[in-house]
Amino acid sequence: MRRTRSAEEITTTCSYDCGGRCLLKVRVDNGRVAGIGTGNRLGLHTKACPRGLAQRSVLYAEKRLTRPLRRVGPRGEGSFEPVSWDAALDRIASEIHGIREGGETESIYFVPGSGSLSTLHNTYRPVGRFFGMLGRCSTTRGDASFEGALQSSLATFGTPMTGCSRDNLVHSRLIVLWGWNPLVTRFGPETVPYLLEARRSGTEIVCVDPRFTRTARKLADRWIPIRPGTDTAMLLAMAYVTAKEKLMDEPFVDKFTLGFKAFEEYLFGRADGKEKTPQWAAEICGVEAEEIVRLARGYALRKPAALMTGWAPGRTLFGEQFHRAASALAAITGNIGIAGGHVAGGLDFVAAPNVKGRVPAPGRTHHEVHITELYNALLSGGSHGDPLPCELLYIVGCNLLNQHLNVNKGRRALMKPRVIVAHDLFLTPTARYADFVLPVSHFLERDDIGQPYLGGPYSIFMNKVVEPGPGQKSDLEIFSLLADRLGMEGYNNLSDEQWLESFLAAEAGFPDLELFRAQGVHLTETSRPHVAFHEQMSRPDTHPFPTPSGKIEIFSSRFAELRDPKVPPIPTYLSEQDGPSGAPDKRYPLLLISTHSRARVNSQFDNIRALKKMADDRVWIHSSDAKGRGIQEGDMVVVYNDLGRILTPARVTDGIVPGAVSLDQGQWTMPDDQNTDVGGCVNVLIPDRMSPTGAFPSNSCRVQIEKA
Ligand SMILES: Nc1nc2c(c(=O)[nH]1)N[C@H]1C(S)=C(S)[C@@H](COP(=O)(O)OP(=O)(O)OC[C@H]3O[C@@H](n4cnc5c(=O)[nH]c(N)nc54)[C@H](O)[C@@H]3O)O[C@H]1N2
Ligand SMILES: Nc1nc2c(c(=O)[nH]1)N[C@H]1C(S)=C(S)[C@@H](COP(=O)(O)OP(=O)(O)OC[C@H]3O[C@@H](n4cnc5c(=O)[nH]c(N)nc54)[C@H](O)[C@@H]3O)O[C@H]1N2
Ligand SMILES: [Mo]
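So the mapping is simple: the working numbering equals the position in the sequence shown, first residue as 1, plus 11.
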């Protein structure tokens, strides 16, 4: 029996995939969470968002899984019976044992997702460790969030760590938020407070986005609407203006960059006969030429200026080119390595890179299938260049059917594996396809360490606030029990506390566990403001850029080696026509983008009433596009293309560029008997393609809309 205690306050932070880590102050009464508050600590901005503050309703959700389940009906239908942990684990272990004995571990496909990103109870690490020790298996590769940014940063700067700490923003004279909506997506609890501070001190803020976002409304002086997927053209035209009007930072270009001449030749059309003028870009992206010239001049002349790029424009068919072009523009104007500048890239400032599980670990030895190729791999049963058909699909913390592209293909693909196992807190659309669903604990039920992967020089101790239910276990515990059954020695000889102690001991400047627990928040000893590449600027002889040439590679030697016209060495505008499907289908004239919801983290909390109430799950359509279709505000509409149909209400607005429509991703898929998705899951409509360097092109999709 737990001791009855009067109300106390315990601190922790969420472990979700939203980059930042905020302080949660949890009131506990009688062993139950009574409420959650938040606040700032140690002079940092650590205030939590509505999703963090609503975690009580997630923890105690009626539909939370409390016992292991075994499927009894057809896959996807949702008929399960409860089974004991022993029965479930014995059976799963025996499946794995059989496969291992047959020497065919590559027929095990394990798919970790972004469910939890704390230090120990992470939905990648215990999984990777288990299957890594088991043998050479198959798994997915490619980051849905920022692969385009990552590949661009690696090619251009030789590292993904390209951004500056947020406190730099107050030094910027101009801040351009390009496809970035931090009032909703946060990117750390510090971002918005520093943007507000910059604004108060007179910094101009401009948003370039197809939508008039909350950020544009509340933080920006100017909104520049742009057609989705055309940003590279506009950035190139800005570079053209910069070069033509000789607004470059020439000493910077000479000293720190490689390939400006080749870039200039491309901009001036010497290679292809097409000058990348503002007029050229205007036709493509829908932004007036004068506006492009104005922004180009402002950005080059009002230094320091921060070009802050979101990852969404990079989640397009040639997403890496967007980030390459933005990086090149930042480089030729010398807005890199200075306070108040910023580099468009993969990751911003990371406090303690070696204790977070986000950047892909090198040297994995599994067979890898790109996330957009998984369904092809499952359906083709090994004939897709994969070594073996999938016998066992093992899913941890991932709602893949909902979150991967092309849901209807996904449904067919998930019929193929002989066995599917999923660990989750809820019976998600993906878990409904599993043969065994194993219920996991919630982060409020575990000791852990929370570290921001974007911004913030601090860590938060995650106290186990309450006990998990008797039928719920952590992923690590589940894999430990399987490892025992399979005789895998050394998988886990430590308690959770010992693991955490070992992480802290390996990290310079961290207190020990006891002190950290007592402190709650630990400030890492990182000097601030942190300016990426400051060292390269101040001591270039001893601190080259980690690229082959030691410079910022506007001409990428790594891309040049690929000799792939779709991955050119110079930032280049490639259009949809150059993509895998050729010219766009005229039957589907509207460009659909899918954004991240204020009420969810990806697909999480779509099933939580308190948060669902805050969601805007209407498809945004411009009033001119709505008018031609007889659609009025609030009408139910069908959004469709050759891949499928979804039903959703419409929001008729001038806050989106004509020709584009937008719907938040993450609603749970729910097909009716005509196979129309009444759940409104946008991935029903998006083709499972990838960009040439592996970006996840969820913002390259064409649809038609009509009144339901
Ligand atoms: N509230 C909340 N916050 C989150 C998440 C969440 O689910 N909910 N998810 C977290 C995760 S996993 C990630 S990866 C990040 C994602 O962060 P982002 O990728 O930055 O977020 P998005 O909402 O997809 O897109 C940001 C903005 O880009 C715009 N946009 C879309 N396509 C284009 C385009 O082609 N060009 C231009 N210029 N703009 C475009 C959208 O209209 C939107 O306003 O957010 C994280 N933060
Ligand atoms: N159309 C479109 N699709 C997208 C995107 C988009 O912008 N547009 N964004 C993409 C992006 S950026 C991302 S990151 C992906 C995210 O896709 P996923 O990685 O699938 O993330 P979630 O939808 O949050 O699902 C995570 C699951 O983990 C579970 N979970 C939470 N904590 C734990 C835990 O401790 N253990 C276990 N075992 N499970 C846990 C949750 O209940 C949830 O079901 O979606 C991608 N899909
Ligand atoms: Mo993401």
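Beta carbons: idealized from backbone N, C-alpha and C, even for Gly.
Query                                                                                                                                                                 : Result
For Ala311, does the count of other Cβ atoms within 10 angstroms reach 16, so buried, or fall short, so exposed?                                                      : buried
Just tell me which of Ser491, Asn613 and Ser127 has its CA closest to the CA of Asp459.                                                                               : Ser127
Closest to Ser452 by CA distance: which of Ala72, Gly153, Val298 and Asp628 is it?                                                                                    : Ala72
So who's on the other strand from Gln615, going by DSSP bridges?                                                                                                      : Val612
Can the beta-carbon of Pro239 be found less than 7 Å from the beta-carbon of Ala706?                                                                                  : no
Give the C-beta separation of Cys692 and Val448 to the nearest angstrom, bearing in mind that I take them to be a contact with Cβ-Cβ under 8 Å.                       : Incorrect: roughly 20 Å between the Cβ atoms, too far for contact.
How would you call Asn10, buried or exposed, if buried means at least 16 neighbouring beta carbons within 10 angstroms?                                               : No answer is possible for residue 10: the residues shown for the chain start at 12 and end at 719.
Any heavy atom of ligand 3 closer than 6 Å to the beta-carbon of Ser127?                                                                                              : no
Indicate whether Glu402 and Ile110 have their beta-carbon atoms separated by less than 7 Å.                                                                           : yes
Exposed or buried, what is Gly330 when buried is set at 16 or more other beta-carbons lying within 10 Å of its beta-carbon?                                           : buried
Could you give the C-beta distance for Thr436 and Arg75, rounded to a whole number, given that I count them as a contact under 8 Å?                                   : It is Leu, not Thr, that sits at residue 436 in the sequence shown. Confirmed, Cβ separation roughly 6 Å.
Considering only heavy atoms of ligand 3, does any lie closer than 6 Å to the CB of Ser709?                                                                           : no
Give me the Cα-Cα distance between Gly531 and Val94, rounded to the nearest whole angstrom.                                                                           : 38 Å
With a threshold of 7 Å on Cβ separation, who are the neighbours of Met548 within its own chain once the five nearest residues in sequence on each side are excluded? : Gly348
State buried or exposed for Asn192, treating a residue as buried only when at least 16 other CB atoms are found within 10 Å of its CB.                                : buried
Based on DSSP bridge pairs, tell me the residues matched to Thr664.                                                                                                   : His633
How many whole angstroms separate the CB atoms of Thr654 and Val689, which I take to be in contact at a CB cut-off of 8 Å?                                            : One detail in the question is off: residue 654 reads as Leu in this sequence, not Thr. Wrong, their Cβ atoms sit about 16 Å apart, outside the cutoff.
Pair every Cβ in the region 562-582 with every Cβ in the region 256-270, then say whether three or more of these pairs are closer than 8 Å.                           : yes
Going straight from the alpha carbon of Glu286 to that of Val252, what length do you get?                                                                             : 11 Å
With a threshold of 8 Å, are at least 3 pairs of Cβ atoms found where one atom belongs to the region 159-171 and the other to the region 184-201?                     : no
Pull up the distance between the alpha-carbon of Leu207 and that of Thr553, whole angstroms please.                                                                   : 37 Å
Going by alpha carbons, who is nearest to Ser634 out of Ala99, Asp617, Ser614 and Pro669?                                                                             : Pro669
Just mark Gly374 as buried or exposed, buried being the case when its beta carbon has 16 or more other beta carbons within 10 Å.                                      : The pLDDT assigned to Gly374 is 42, lower than 50, so where the model puts this residue is not dependable, and the model offers no usable value.
Just to confirm before moving on: does the CB-CB distance between Asn795 and His395 stay below 7 Å?                                                                   : The question about residue 795 has no answer, for the chain in this structure spans 12 to 719.
Taking the Cβ atom as the reference point for each residue, do Ser608 and Leu674 lie within a distance shorter than 7 Å?                                              : no
Confirm, please, whether the CB-CB distance from Ala610 to Ala626 is below 7 Å.                                                                                       : yes
Out of Leu389, Phe263 and Gly421, which has the shortest C-alpha to C-alpha gap to Pro698?                                                                            : Gly421
DSSP puts Val380 in a beta bridge; with which residues?                                                                                                               : Thr151
Pop quiz: Asn710 and Ala244 are said to be a contact at Cβ under 8 Å. What is the actual Cβ separation, rounded to whole angstroms?                                   : With 8 Å as the limit, Asn710 and Ala244 do not qualify as a contact, their Cβ atoms being about 15 Å apart.
How should Pro221 be labelled, buried or exposed, when 16 other C-beta atoms within 10 angstroms of its C-beta is the threshold for buried?                           : buried
Which residue's Cα is closest to the Cα of Asp232: Arg210, Ala250 and Ala248?                                                                                         : Arg210
Identify the residues that DSSP records as bridge partners of Cys218: which are they?                                                                                 : Leu188 and Trp234
Determine the DSSP secondary structure at Gly30, reduced to helix, strand or coil.                                                                                    : coil
Using a Cβ-Cβ cut-off of 6 Å (strictly less than) and excluding sequence neighbours within five positions of Gly87, which residues of its own chain qualify?          : Arg443 and Tyr444
Report the start-end ranges of each alpha helix (DSSP H) in the region 553-604 that is 4 residues or longer and not cut off at the edges.                             : 568-573
Would you check if there are 3 or more beta carbon pairs closer than 8 Å linking the region 140-156 to the region 299-311?                                            : no
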